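For reference, the structure discussed in these notes is given below.
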C-alpha cells in the first residue's frame, strides 16, 4: 500500500497533490540556463501578457496546434543547448529579458523544475524527470519547494483543463 501524498493548499480553495519529497530544496544558480533550452508552452493568458511585451510573430511558433516561445540559434556557446539554441528571450548574460526587464514570465517558466499534470480532477506537482539530470538548483539551498509552492504554481494552472508540463517543442 502506497503512502498518501500530501495535499497542499496553494491558494484559497486551490490544492495541489505533492508528488515529491517535502524536504526538496531548490534555488536557481548562476549560469544554469537549462530551463531556457526548451520551447516554452504558452497558455492563453500567457499569450495575452506576452503580446503586451513582445512581437508574437517573431518570438513564438506553432507546434501541434499549440503556441510556444520560439527557440532560436543564439550564435554563441554559453547559456545554450547542445544545438546552440535557446529561448528567444534568453539574453547573452544568461538572464531572461522578460523576467529581468519586465518582471514577468510565462506560467511554464515559473513551474520549472517542477512538472504539473491533472489526474482525477486534481492538480499534481512533481519534479520533471529530466530535472534530476540537468537542473543544478535542486538541493543547493535551504528553500523548501513545498513551503513556496505559490512561487512555482501560478493560480491560472487550476483553470486550465490540461496543464501537463511534459508537452515540449
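Residue numbers (the working numbering): 74 to 242.
Yeah, the Cβ is synthetic: ideal placement off N, Cα and C, and Gly gets one too.
On a predicted model such as this, the values are computed, not experimentally measured, just so you know.
Of the candidates 104, 227, 111 and 99, the residue whose Cα lies closest to the Cα of residue 183 is 227. Classified as buried, residue 236 has 16 or more neighbouring CB atoms from the shown chains inside 10 Å of its CB. Excluding residues up to 5 positions away in sequence, 106, 109, 110, 144, 147, 152 and 153 lie with their Cβ nearer than 7 Å to the Cβ of residue 159 in the same chain.
Annotation: residue 133 is outside any alpha helix (DSSP H); the continuous beta strand (DSSP E) that includes it extends over 133-136. Residue 211 and residue 99 have their C-alpha atoms spaced approximately 5 Å apart. Contact check for residue 240 and residue 114: beta-carbon distance about 5 Å, within the 8 Å limit, so the pair qualifies.
Take residue 92, set aside five residues on each side of it, and the residues of its chain with a beta-carbon closer than 7 Å to its own are 78, 197, 198 and 199, in chain order.
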